[in-house]
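Accompanying notes for the structure given below.
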Amino acid sequence: MQRNVMLSEEERGYFAELFDEHIDIVPSAENDLRHTISVTAEVPPAISSLLGRAKMTLLAEIGNYKLWFPLEMTLDEAGQFNPVLGIPEVVEYVGKQRSWRSTELEELDVSSAAFSGKVKLLSLSSTGMSLQFNCANIAEKISHHSELTLSLPDGQLLHLDMQPVRQQDTVLAARITTTSSNREALRRFLFQRHRQRHPTLYQNLKN
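Sequential numbering from 1 applies to the sequence shown in full-length UniProt numbering.
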């Protein structure tokens with residue numbers, strides 16, 4: 001169920017002046033797709049669960065991706081509205097919509113108290129990951145231990161709870177849950193990685 005938020009007249013006026021319903025920016029260099037930006041107080045349930053308590057979002061559509069930015073409005077000393085954007089959730093929609101997955105993860109480390117050997121991280125999104133172990137028996141053993149630690153390139157350690165979805169030989173796919181602060185750190189890493197992976201999509205958007 002979507003969360004509908006009542007906006008004040010001042011907020012409505014601000015957005016009416018700042019944004020049209022959709023704003024066409026410049027055609028991107030990839031596949032000649034256009035960028036659009038819209039503001040909505042209706043946050044899809046799947047996105048809402050990832051963005052915490054955000055009551056409004058700014059949606060930027062670039063190429064085959066949707067960037068859902070949590071949006072808050074603050075008042076300055078002069079009584080003027082100032083929009084504050086958070087770190088977006090990157091959603092890809094080719095065929096079906098899902099959180100974007102990064103597969104270039106060589107510099108990330110995953111560890112588990114149940115296993116001291118090497119774990120290869122094959123893919124990572126805000127909602128799940130795929131891991132490869134040395135043998136199928138180890139993958140099966142790890143599937144019964146829910147806690148993992150993910151080490152980001154900047155040294156942050158994210159403690160994740162893993163819920164196995166399926167195992168195929170030495171590869172284990174799992175959903176992940178974590179605290180809101182860890183989820184934001186993970187979302188920031190994935191957003192930065194997406195920008196690095198698709199620089200032409202962002203060339204016409206402000207940093």
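Virtual Cβ for every residue (Gly too), placed ideally from N, Cα, C.
Look at the Cβ atom of residue i, then the Cβ atom of residue j, and state whether they are nearer than 8 Å.
i	j	result
I62	L158	no
H194	W100	yes
V90	L190	yes
P153	E107	yes
Compare the Cα-Cα distances from residue i to each of the options and report the closest residue.
i	options	result
K120	T127, C135 and S126	C135
I142	V110, A60 and I47	V110
S112	T149, H194, L59 and S125	T149
P88	A139, G52 and S130	G52
E140	S125, G155, M129 and F115	F115
V165	S180, H144, L105 and K66	H144
M56	G86, Q80 and N64	G86
L186	Y65, L50, L58 and Q203	L50
Counting only the same chain and skipping the five closest in sequence on each side, list residues whose C-beta sits under 6 Å from that of residue i.
i	result
S151	D109 and L157
K118	none
Please return the same chain residues whose Cβ sits closer than 7 Å to the Cβ of residue i, not counting the five positions on each side in sequence.
i	result
Q132	K120, L122, T170 and V171
R175	T127, G128, Q163 and V165
Ends of the alpha helix (DSSP H) at residue i?
i	result
A139	A136 to I142
E184	S180 to R197
S116	Where S116 is concerned, there is no enclosing alpha helix (DSSP H), given that its DSSP letter is neither H nor E.
P45	P45 to S48
In the DSSP assignment, the beta strand (DSSP E) including residue i goes from what residue to what residue?
i	result
T177	V171 to T177
E61	M56 to I62
P70	Y65 to L75
Just to check, is the beta-carbon of residue i closer than 7 Å to a non-hydrogen atom of the ligand FMN?
i	result
E72	In the structure on display, the ligand FMN does not appear, and there are no ligands present to speak of.
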